[in-house]
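In the UniProt record's numbering, the protein residues as written are 1 to 161.
The block underneath contains the structure these notes are about, expressed in structure tokens.
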């Protein structure tokens, strides 16, 4: 793929095959390279979930919002952070673009993250500290079906001056 930014698209059906450790390491590096507001790196934390039992627990609590992906990045932010949700979104985008560069599919899952915040026992299993809440989950894996990349030109109003 020439440009993973333009080739990235939401994948809502994944093959069960595990993501390689090399790919996970590259996705982690993309997460860690994300910008953060005012250099407040302590306002965000990520959890890489590959354990099948924990993924099943997350799927059950989130109404299958992660589409059975074999890899989940759960991104939490401090509850009182001014930039947390924005930082989490930037980190999620980095993960998704890197996934596209690795020919993996991904999807931004906000509803599942918010649902898990109602399950303190799952947050504890994830290692999410008190005072933090999940902002987003990025589900990653091999797409079960090929998808046509939509034409996104002229998608938003853009003014050039």
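In this text, a Cβ means the ideal position worked out from N, Cα and C, and glycines have one as well.
Just so you know, these numbers come straight off a predicted model, no measurement behind them.
Distance between residue j and residue i (C-alpha atoms, nearest Å)
i: residue 91; j: residue 140; result: 14 Å
i: residue 31; j: residue 48; result: 10 Å
i: residue 10; j: residue 150; result: 10 Å
i: residue 108; j: residue 136; result: 7 Å
i: residue 75; j: residue 127; result: 11 Å
i: residue 50; j: residue 147; result: 24 Å
i: residue 116; j: residue 68; result: 16 Å
i: residue 119; j: residue 61; result: 8 Å
i: residue 57; j: residue 161; result: 50 Å
i: residue 43; j: residue 89; result: 13 Å
i: residue 1; j: residue 106; result: The pLDDT assigned to residue 1 is 44, lower than 50, so where the model puts this residue is not dependable, and the model offers no usable value.
i: residue 72; j: residue 153; result: 29 Å
i: residue 64; j: residue 53; result: 14 Å
i: residue 55; j: residue 85; result: 23 Å
i: residue 20; j: residue 29; result: 14 Å
i: residue 122; j: residue 59; result: 11 Å
Unbroken beta strand (DSSP E) run spanning residue i, endpoints
i: residue 88; result: Careful: residue 88 lies outside any beta strand (DSSP E), inside the alpha helix (DSSP H) at 84-101.
i: residue 75; result: 71-78
i: residue 158; result: From DSSP, residue 158 is part of no beta strand (DSSP E); its letter is neither H nor E.
i: residue 81; result: Residue 81 -> no beta strand (DSSP E), and no H or E assigned at all.
i: residue 45; result: 44-49
i: residue 11; result: Counting along the chain, residue 11 falls outside any beta strand (DSSP E), and DSSP gives it neither H nor E.
i: residue 141; result: 132-141
Residue interval of the alpha helix (DSSP H) (run including residue i)
i: residue 104; result: From DSSP, residue 104 is part of no alpha helix (DSSP H); its letter is neither H nor E.
i: residue 128; result: Residue 128 -> no alpha helix (DSSP H), and no H or E assigned at all.
i: residue 111; result: 110-116
i: residue 5; result: 4-7
i: residue 24; result: 21-32
i: residue 60; result: 52-61
Assumed close pair residue i, residue j - CB separation to whole angstroms, cut-off 8 Å
i: residue 104; j: residue 18; result: About 11 Å; that fails the 8 Å criterion.
i: residue 97; j: residue 4; result: 5 Å
i: residue 34; j: residue 94; result: 5 Å
i: residue 66; j: residue 112; result: 6 Å
C-beta contact flag for residue i and residue j at 9 Å
i: residue 131; j: residue 87; result: no
i: residue 14; j: residue 100; result: no
i: residue 124; j: residue 77; result: no
i: residue 83; j: residue 36; result: yes
i: residue 102; j: residue 27; result: yes
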